[in-house]
Amino acid sequence: MAKDIYHDNVRNALEKDGWIITDDPLTLQYGSRSVFVDLGAKKLLAAEREGQKIAVKIKSFAGKSPVKDWENAIGQYNLYLKILSKKEPDRALYLAITEEIYTSFFQEDIVQVVLEDKIIKIIVVDTIQEVVTRWIN
Numbered sequence: 054m055a056k057d058i059y060h061d062n063v064r065n066a067l068e069k070d071g072w073i074i075t076d077d078p079l080t081l082q083y084g085s086r087s088v089f090v091d092l093g094a095k096k097l098l099a100a101e102r103e104g105q106k107i108a109v110k111i112k113s114f115a116g117k118s119p120v121k122d123w124e125n126a127i128g129q130y131n132l133y134l135k136i137l138s139k140k141e142p143d144r145a146l147y148l149a150i151t152e153e154i155y156t157s158f159f160q161e162d163i164v165q166v167v168l169e170d171k172i173i174k175i176i177v178v179d180t181i182q183e184v185v186t187r188w189i190n
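FYI, the numbering for the sequence shown is 54 to 190, going by the working numbering.
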């Protein structure tokens, strides 16, 4: 499985934000097939008490068409979300994107029409500073 070009930047940003990376990648098996979500992580909310768990799909939008990349991201997100709901219902799924994509492409109507349903959760990452700038639930 090829890693996204921003894989390490997103991983570092999550670790700086207090997340422990538990899986890189997170393997989800369903039936006889497996899919690979880029990262699995957990955050400890209090000493010796397990807190929130997440899975992160990283998308660079580096293809020739951001719309085609968006279509691909939606499909992957929906597949992973469905499998997680069956296999790990306590793990939230996030789509990680760069600050640049968020401030440009993600403001367009073709993205907003999907996001208005509030199904896709997003992590926005500054890949230069390697920090999470927004959590959008």
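C-beta: ideal position from N, C-alpha, C; glycine also.
* **Backbone CA spacing between A100 and A126 [nearest angstrom]** => The pLDDT assigned to A100 is 47, lower than 50, so where the model puts this residue is not dependable; a value taken from the coordinates is nonetheless given after this. Answer to the nearest angstrom: the Cα atoms are 35 angstroms apart.
* Pairwise C-alpha distance: Q182 and A138 -> Contrary to the premise, residue 138 reads as Ser rather than Ala in this sequence. C-alpha separation (whole angstroms): 33 angstroms.
* Spell out the partners DSSP gives K74 in its beta bridges. => For clarity, residue 74 is Ile in the given sequence; the question names Lys instead. The beta-bridge partner set that DSSP reports for I74 consists of A94.
* To do: Write down the C-beta distance between Q105 and A66 rounded to the nearest angstrom, noting that I regard them as a contact closer than 8 angstroms.
  => Rounded, the Cβ-Cβ distance is 16 angstroms, inconsistent with contact.
* To do: Sort out for me which residues DSSP pairs K106 with in a bridge.
  => Under DSSP, K106 takes part in a beta bridge, and its partners are K95 and R144.
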